[in-house]
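**Student:**
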Amino acid sequence: MRGRLAFLLLTAFGANGIAHSSDRIGPSHACKSGADWNEPAAPRRIFGNAWFVGTCGISSVLVTSGQGHFLLDGTTEKAAPLIEANIARLGFRVADVRYIVNSHAHLDHAGGIARLQKDSGATVIARGADASALERGHGDHSDPQFVSAKPFPAVAHVRPVADGETLTIGDTTSTAHATSGHTPGSTSWTWDACEAQHCAHVVYADSLAPVSDDDYRYTDDAAHAGVLADFRTSIARVAALPCDLLLTPHPDASHMWERFGTSAPYAAIDATACRRYAQAAQANLDKRIAKEQLGRAQ
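If you count the sequence shown from 1, position 58 lands on 415 in this note's numbering, and the numbers rise without skipping.
#1: Which complete alpha helix (DSSP H) runs does the stretch 483-508 hold, if anything under 4 residues is left out?
#2: Give me the DSSP bridge partner(s) of threonine 547.
#3: Count the other C-beta atoms from every protein chain shown that fall within 10 angstroms of the C-beta of aspartate 627, then say buried if there are 16 or more, exposed otherwise.
#4: Between which residues of its own chain and glutamate 649 is the CB-CB distance below 8 Å, once the five residues before and five after are set aside?
#5: Which stretch, first to last residue, makes up the alpha helix (DSSP H) that contains isoleucine 403?
#6: According to DSSP, simplified to helix, strand and coil, what is phenylalanine 427?
#7: Could you check the C-alpha separation between cysteine 413 and aspartate 578 for me, to the nearest Å?
#8: Compare the C-alpha of serine 416 against each of Gly405, Ile482 and Asp393 and name the closest.
#9: Under 8 Å by Cβ, that's how I've got alanine 462 and leucine 428 pegged, so tell me the actual separation to the nearest angstrom.
#10: Which class does tryptophan 614 belong to by DSSP, given the choice of helix, strand or coil?
#11: For my contact list, glycine 469 and glutamate 434 are in at a C-beta cut-off of 8 Å; report their separation, rounded to the angstrom.
#12: Determine the DSSP secondary structure at arginine 589, reduced to helix, strand or coil.
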């Protein structure tokens, strides 16, 4: 069935999986790999009711409905006004954002949430330890980047979400998936988007990179019990998600700009994208573990 879906989408939208429309991410979009976090980006439709409203370096995705909208991630504090301007440029109102959901509580994805919450009146959603981190404006010792991660504006009244919990606005339901590892409360989000009688399973897969403070060791069970096992489980979960369209908090992590351009080396609609994203993450984690084990042996 999913293969049939991909075929229909590719038939309808061409070799790049993107409909030919002026509101699409395409060759006129100037974003390049390696872009600065705060480099402005033009807002564009991704697919169906999903719109890119972030910067060239950091994703923020607006998922719209007639009864209000989801906003996934808030980029940096400096970039929050750019997100608001992009939402307005698309003809939507910031005041109609009902939920702001967070992938993980680091300043590049959560720095702008406090302002966006204030200006929209939206409910902010995060999972586990990251919900508390948003309210403090900084993670705790359970975050592998506790020492090196910089603080961000604290967010008031964060609503915790559980693994597998769903949020519904209008005809759109988004599901939270626990993908701990990058942070303890890292969360991926999924929903179905439809356009021109075709539908796709959209996955906003959180960061799966084993980035940490210099003295942090994933293999130190005494200090970080269960973290490595959770990380491996998270990678497997992302690989197994129904996934026709992959989005990531860092566009570069999944080559979003290349995939959404007309010169893309592979289609944006791609049922293998999540598996390949997870495979790359597993390889990076294995490399990190091997390095830690080598250090212990020396």
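Where a beta carbon is used, it is the ideal one built from N, C-alpha and C, also for glycine. From a predicted model like this one, the values you see are computed outputs, not experimental measurements.
**Tutor:** Checking against the coordinates, here is how it stands:
#1: Correct list: 486-493.
#2: DSSP lists Thr532 and Val560 as the bridge partner or partners of threonine 547.
#3: Its Cβ being crowded by 16 or more others within 10 Å, aspartate 627 is buried.
#4: So the list reads Arg574, Tyr575 and Thr576, once near-sequence residues are dropped.
#5: No alpha helix (DSSP H) holds isoleucine 403; the beta strand (DSSP E) holding it covers 401-404.
#6: Residue state, collapsed to three classes: strand.
#7: Rounded to the nearest angstrom, the gap between the Cα atoms of cysteine 413 and aspartate 578 is 38 Å.
#8: That would be Asp393, whose Cα lies nearest to the Cα of serine 416.
#9: With a Cβ gap of about 16 Å, alanine 462 and leucine 428 do not count as contacting.
#10: Secondary structure of tryptophan 614 (DSSP, three-state): helix.
#11: Confirmed, Cβ separation roughly 6 Å.
#12: In the structure shown, arginine 589 sits in a helix (DSSP, three-state: H, G or I).
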